[in-house]
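Undergrad:
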Amino acid sequence: MKVMMNTGRTVPQGESVERKHSPEYESAASVCFIHPVDMMVLGIEDGAHIRLSGSGGSVVLTAVASETVEQGSVFVPLGPFSNHIVSGETHCTGMPDFKSTMVEIIPTEDPVPSVAELMEALGGVRYAH
Amino acid sequence: MLIKDVVCPFCGCLCDDLDVEVENGRIIRVDNACTLGSKTMVGDDRLKAPIRRDGKGWIETTYDAAIEEAAQILLDADRPLLYGWSRTHGEAQGIGVHLAELIGGVVDNTSTVCHGPSILAIQEVGHPGCTLGQVKNRADLIIYWGCNPIDAHPRHMSRYTTYATGFFVKDAHRDRKVIVVDTRRNESADVATEFVQVEPGGDYAVLSALRAIVRGRGDVVPPSVSGVSREQLVRVAEMCKNAKFGAIFFGLGLTMTAGKNKNVRNAIELTDELNRHTKFIISPMRGHGNVYGTNEVFTWITGYPYAVDFSRGIAFYNPGETTAIDILRRGECDACLVVASDPAAHFPKPCVEHLARIPVVQIDPHPNATTHICRLQIPGSVAGIDAAGTAYRMDGVPIRLKAIIETGVPNDTEILQRLYNRVREAKGE
Amino acid sequence: MTELLIRNACVFDPLNGIRGDVMDIAIRDGRIVESVQNNADVIDASGFLTLPGGIDSHSHVCGTKVNFGRYMSPEDMRAGRTARRGKMHVTSGYYVPTTYGNSYRYSTMGYTTVLEGAMAPLEARHTHEEFNATPLQDMLANTLFDGNWSIMEAVHAQDVKRAAAIVAWTLSSVRGFAIKLTNPGGTEAWGWGGDLTGIRDPVPNFNVTPAEIITTMIEANELLHLPHSVHLHCNNLGKPGNYATTLETFGLVPDLNKNRQTLYATHVQFHAYGGSTWRDICSKADEITKSVNAKPQIVMDMGQIMFGRTMTMTADGPMEFNLYCLHHNKWSNHDVELETGSGIIPVLYSKKSLVNCVMWAIGLELALLTKNPYQCLLATDNPNGAPFVKYPEIIGLLMSKRYRDEECATLHDGIDQRTSISSIDREMDWNEIAIITRAGQARALGIAAQGKGHLAPGAEADLAIYPIRCDDVDPATEYRKVVEGFQKTRFTIKRGRVVARDGDVIVDGANTTFWVNPTIPDEHNVANDPEFVKKFEEYYTVRMSNYPVQDVYLPRGRCIKTEADI
Amino acid sequence: MRVILEAKVRKKPFLPIEAESIIPRNFLKGTDLAVYEGNKERKLVDLFRISVEGTAVTPEKIEVVLKGDTSRVKRIGEYMDAGKITISGDVGMHCGNFMSGGDIEILGNADAWLGREMRGGYILCHGNAGHYCASGYRGEKTGMQGGRVEVLGNAGDYCAEYLTGGEVHIHGSCGDMAGVEMKGGQFIIDGDATRPCGNMKDGTCMIFGTVRQMLPTFERIGTKKLPDRKVTVTVYKGDVANRGKGIMMVKGTGRSDE
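Chains as they are written, first to last, in my numbering: chain P, 126 to 254; chain R, 596 to 1024; chain L, 21 to 586; chain H, 12 to 269.
1) Residues of chain R with CB closer than 8 Å to the CB of Pro207 (chain H), please, in chain order.
2) Using a beta-carbon distance cut-off of less than 7 Å, what residues from the region 156-178 of chain H approach chain R?
3) Please report the distance separating the alpha-carbon of Gly529 (chain L) from that of Ala60 (chain L).
4) List, in order along the chain, the chain P residues whose C-beta lies closer than 7 Å to that of Cys946 (chain R)?
5) Are there 16 or more other CB atoms within 10 angstroms of the CB of Ser783 (chain R), so buried, or fewer, so exposed?
6) Cα separation between Gly650 (chain R) and Glu948 (chain R)?
7) What residues in the region 973-993 of chain R have a beta carbon less than 8 Å from any beta carbon of chain H?
8) Using a Cβ-Cβ cut-off of 8 Å, state whether Glu95 (chain L) counts as contacting chain H.
9) What do you reckon, are the CB atoms on Phe32 (chain L) and Asn451 (chain L) nearer than 8 Å?
10) Go ahead and pull the three-state DSSP assignment for Asn36 (chain L).
11) Check whether chain L comes within 8 Å of Tyr133 (chain H), counting only Cβ atoms and requiring the distance to be less than that.
12) Check each residue of the region 789-809 of chain R: if its Cβ is closer than 7 Å to any Cβ of chain H, include it; give the result in chain order.
13) Where does Ser267 (chain H) sit, in a helix, a strand or coil, going by DSSP?
14) For the region 92-122 of chain L, which residues have a CB atom closer than 9 Å to at least one CB atom of chain H, in sequence order?
15) Could you tell me if Lys1022 (chain R) is buried or exposed, where buried requires 16 or more neighbouring beta carbons within 10 angstroms of its beta carbon?
16) Considering only residues of the same chain and omitting the five flanking positions on each side of Asp44 (chain L), which have a CB-CB separation below 8 Å?
17) Under 8 Å between beta-carbons, which chain P residues line up against His142 (chain H)? List them in chain order, please.
18) By the 7 Å beta-carbon criterion, what residues does the region 104-133 of chain H contribute toward chain P?
19) Extract the residue ranges of the beta strand (DSSP E) inside the region 145-169 of chain H, only unbroken runs of 3 or more that lie entirely within it.
20) Tell me, which residues are paired with Thr756 (chain R) by DSSP?
21) How many Å lie between Thr70 (chain L) and Tyr486 (chain L) at the Cα?
22) Just the chain R side, please: which residues come within less than 7 Å of Met188 (chain H) by C-beta, in chain order?
23) Identify the continuous beta strand (DSSP E) that holds Pro675 (chain R) and give its terminal residues.
24) Please state if the CB of Val773 (chain R) and the CB of Ala787 (chain R) are separated by a distance shorter than 8 Å.
25) In the DSSP output, which residue or residues are listed as bridge partners for Asn704 (chain R)?
26) Cα separation between Ser267 (chain H) and Ile200 (chain H)?
27) Just to confirm my understanding: we take Ala550 (chain R), look at its own chain, exclude 5 residues before and 5 after, and list those with CB closer than 6 Å. What are they?
28) Under 8 Å: do the region 237-249 of chain P and the region 865-873 of chain R share three or more Cβ pairs, one atom per stretch?
29) Counting only the same chain and skipping the five closest in sequence on each side, list residues whose C-beta sits under 6 Å from that of Trp124 (chain H).
30) Along the chain, where does the beta strand (DSSP E) containing Gly249 (chain H) start, and where does it finish?
31) Which one of H:Lys235, H:Leu16, H:Ile34, H:Leu135 has the shortest CA to CA distance from His64 (chain H)?
32) How big is the Cα-Cα spacing for Glu269 (chain H) and Asp203 (chain H)?
33) Which residues of chain H have a Cβ atom closer than 8 Å to the Cβ of Asn349 (chain L), listed in chain order?
34) Does the beta-carbon of Arg769 (chain R) have 16 or more other beta-carbons within 10 angstroms, so that it is buried, or is it exposed?
35) Where do the ends of the alpha helix (DSSP H) carrying Gln437 (chain L) lie?
36) Please return the same chain residues whose Cβ sits closer than 7 Å to the Cβ of His710 (chain R), not counting the five positions on each side in sequence.
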């Protein structure tokens, strides 16, 4: 399914943003809010894993049903997960399309990665706190 | 020990009425703060000492050795990028700008991924604004456009707008109307008198239509604009014109969607137009605690609020070219100093991939996403917790952040000053 | 101990009656002394024009509004860019330069002291931060009280002592220097998008008039024995016919202080317009100067405009909105809760515009028709009328009728009907220039006692040595040499140290900020008044304890204490 | 005279080069010119293999030919006033800034800000142009004032922003917000455009493809036949939101959303 991805702050993400190694942060930032009707179309339940792919890359997230997002769009808290999908294109404004990236969603059995795993995949070296 | 009137460093509201209970050098309770502020202050999670990457692992190092290595990395670079700054105090930001000047680097701050487009818009048409107290004391109409204060600035409504008692607004519930404009019915929309739901990417068209209606040319506006009926637009325009004092607060819903700076410009020009009828102001909802301070400090030193390129000696500015995202995406820079921010978490993947390829030095108190991709991290103290210094609120009001506990950790000013001195010495000055 | 001897200086020191004597000046540890030892460092001034360091008594260089002018003007930053060199940091900008740009340019023009014309108390910390990044000038901050709610309440209650107590608390809290009133009452009206039309209009919701605010604050100022007088930007700035408001305002001013004026009226050029619309605007400089010539209690500054692009920035919010509607260029506005407002608009003063030509002429007329040069000082309200780098040209114009005539010939023809500039023959001499650029400022600001603006033993050793030989140059005909000479000093000396030489700044600089702390009895201290505190906590958005500017922001602050008569 | 500059292979190929010295006039005095690579000053010869054929006494008679990878070379032709520059591949940002005369021909693609604040002369780009093609500068109220920019491929977003004078002709399509803030001049788009001419004050924009997301503040004032194009266009005036009196002509109704 192709949808528009919006990103932004949520309270749980904001509460834990200075503790990015914490389980609270990882769970707060790795969710994808999706309209219940769209979930039905995808054939998934609340809590299922989905893979989002966009112009910048792809990542596995946990689907969370929400009626505050419109059908045809999803909301992902800002952070390293959503940014795994966004491209660096800024249209020469300096600002990426954080709130308007088209993404393809497919259900998946793959696990949701940790922040450290995401960074390792990009060429980093895991720091265990 | 109870410390009163503490300033919260979390978001651009810089609430300065926190009561903080400190025991044995630790913050154990925070009153008056929102959950974002109090969780941040109580749950502060620190890196204990400088660390450097050693092959496939990490080892602790000393401040002296770390500063020496950082200086060498910057000196060796042909196009160093110095990025971040918005979580530290102004005094450190100033040294950072001078460091960039000294090494011919590009210095940029987190505005780039926040209200950078708003700055571009202001540079085109200006900014009719005011301090937040003007809104609190006078505004009878509040518009939140493309922002969700309940999640991002949880006390904005109670301190300054919807629920705040002001001198001329004694009964906020009765005397203030609230309009929320967004692409989704967010939590803030639930408290609004009027909710305007715009199709994604439709803000520019809606703002143009409102401008036309306000200046009496509603006749050209089609029956529906980006999912909003003309009828609702006319109603909103009337509410605005009939207000005694209107205030538009806008967020990343305008800066991060197609049109970006032009969306914000259109909102500002709507405000200008409304000032021909009544008093209206507009203000960006600035995110990071001291992001506005970075703009102020950068501006008085270099003339530009962000994205300043010193590679030719003079200050050059052109967002879209000299902004951190663009430089990283294009793979231009060959070293990076990150201060008080976390680009690996908040930059798109292609930018982080480039960061992982080049030597990155991070000065930040917390282990974060950037930790995994940097070569070297030097922890400083936290502005507003164990470091004092200046921060600027989202409306430009400067406030002094307090050091409420003592940790003995050097602050960013000290670390950066040492780095600056070392680089200067190495350059033979 | 450091000593310096300046030999063969051609000195004009109006406050000490020295007029062009060629003499030596001895300096020890930053102050002028009678003599120094034989091994003192020596600078040969070679007979060049030597004046006390220049003082700008009204300029906008630091703080929220100025920085916003920079912030919104990347196009201006493309001008005047210089790279890091020697002790000098990068600079950018022409009409709203960076702090270092301002500081270096003032310094190379021989200016050592600058008063920031408008500081909102709530944002004072910002002004002081920028003062620290303006390292080569001693700084002072006019503090805005024009729309201050507590002040208006005190005025309404006709309680001068209360007003004085509020001023005392505020100035000492925010490390301010003097009382500034900008469009008094008008900035509060602008809080609702309105303005006042004259000094007898009531301020909405507060039931006071500008006239009452002005007179009360003048009395409060004198009760506090502040070094400077009330510093007033009159109501109705920039409106045709506004000279009447200005004259009416001058009529309010009693003569209360034998050492200095009772009222400093700033940028009076913008307040001296006749006519009723932009079409029939004309000069009323004759009427204004007639009033000032008869009132020693008033000092004004020119508010000269010069042709070219610049930026207007003022606490006068409504005036700026009117300008915006006229030009439809960019417009910024920044109202400050419970205190004041401000607006910023870029402008182009054009020789093709008759209005602009009339404005240009009025500024010069004011200076030339004011008999006592101590009563009309040189300033452009930088950058409103023009960036301060234009001062040398203004000096040239004041010293040379021929230069003025040549300029007039390039202007709009209508200027002769609308102004009397062509009929004025007066040409200022070196001594008068020294008065209108430093001695007059020092006296008006009340800082001669702090060792500013003169060269008597004990004074601060701030000097400017210009590459002009007074006896060789005839300013009336060789005005180009005058203009060039005033653009770059041979030496600028600040507190006994050479800080600039031939257009280059050669030290990092370490300025001082002067501020006042009037002592008042405890029972009058508003900080102890529960009513004042309660209102503060209810209506401001910062806590009262977080409002005062901490000492750390004034690393080299110098407090001027006064004893109030309350 | 022909000056041939062939870009050398570099250790850090992504590092931008700033080469505003590459304009025909400067080669009258030889080839000892400075360019900048990152924050280091270099000699032209450090970065390019230089060969000169023939001689010239005026810049009009000089052609500068760039070969090799010039996609990261910025500011070529800045303030150019005469002569010709030919770029055989792609060119970096800000090519032809402030140009007042002469010709620039780009056989590949041009990066952003091609012909920014141009005053005269002619730029022909055979490939695509990036964002802000023929635009203004941050904060400046006047964009391109004269001359001609022709792009045979597509242009990115904000093409001809603040166009004040001269002509911009995009043979392909434009991205988002073409002609935004236009104040004058003529702007022709043979292909499609999204949200064109927002906040337009004056000038003429003609779009012969499809307009996506037509803005709601343009007033339809009639139709017009354009014989040389053999089409009838709908004529709009606007931007009404901005009290504008610009003209936007769109082939057919031109609107995809009606």
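Ideal placement from N, C-alpha and C gives every residue a C-beta, glycine not left out.
TA: Well, looking at it:
1) Under the 8 Å cutoff, chain R gives no residues; its nearest Cβ is about 12 Å from Pro207 (chain H).
2) none
3) 22 Å
4) Gly213
5) buried
6) 18 Å
7) none
8) yes
9) yes
10) DSSP places Asn36 (chain L) in helix when its eight states are reduced to three.
11) no
12) Tyr799, Ala800, Ser803, Ala804, Arg806, Ala807
13) Interpretation of Ser267 (chain H) is limited by its pLDDT of 49, a score under 50 that renders its predicted location unreliable; the figure taken from the coordinates is listed afterwards. DSSP places Ser267 (chain H) in coil when its eight states are reduced to three.
14) Met92, Ser93, Pro94, Glu95, Asp96, Met97, Arg98
15) exposed
16) Leu25, Ile26, Arg27, Asn28, Ala29.
17) For the C-beta of His142 (chain H), the chain P residues within less than 8 Å are, from N- to C-terminus, His216, Cys217.
18) For the region 104-133 of chain H, which is checked against every Cβ of chain P, the residues closer than 7 Å are Ala123.
19) 159-162
20) Answer is none; Thr756 (chain R) lacks a bridge partner.
21) Counting only the Cα atoms, Tyr486 (chain L) lies some 6 Å from Thr70 (chain L).
22) Gly854, Lys857
23) 675-679
24) Between Ala787 (chain R) and Val773 (chain R), the C-beta spacing is below 8 Å.
25) R:Gly679
26) Legend: pLDDT at Ser267 (chain H) = 49, less than 50; position of this residue unreliable, value from coordinates given subsequently. Their backbone Cα atoms lie some 16 Å apart in a straight line.
27) Nothing about residue 550 (chain R) can be read from this structure; chain R reaches only from 596 to 1024.
28) no
29) Met104, His105, Tyr143
30) 242-249
31) Looking at the sequence itself, residue 64 (chain H) is Glu, so the reference to His does not match. Ranking H:Lys235, H:Leu16, H:Ile34, H:Leu135 by Cα distance to Glu64 (chain H) puts H:Leu16 first.
32) Low per-residue confidence applies at Glu269 (chain H): pLDDT is 40, beneath 50, and the placement is therefore not dependable, though the value from the model is reported in the following sentence. Inter-residue distance for Glu269 (chain H) and Asp203 (chain H) is about 16 Å (C-alpha atoms, whole angstroms).
33) Lys152
34) exposed
35) It spans 435-438 - the alpha helix (DSSP H) in which Gln437 (chain L) sits, taken as one unbroken run.
36) In its chain, beyond the 5 residues on either side, Thr850, Pro879, Arg881 have a beta carbon closer than 7 Å to the beta carbon of His710 (chain R).
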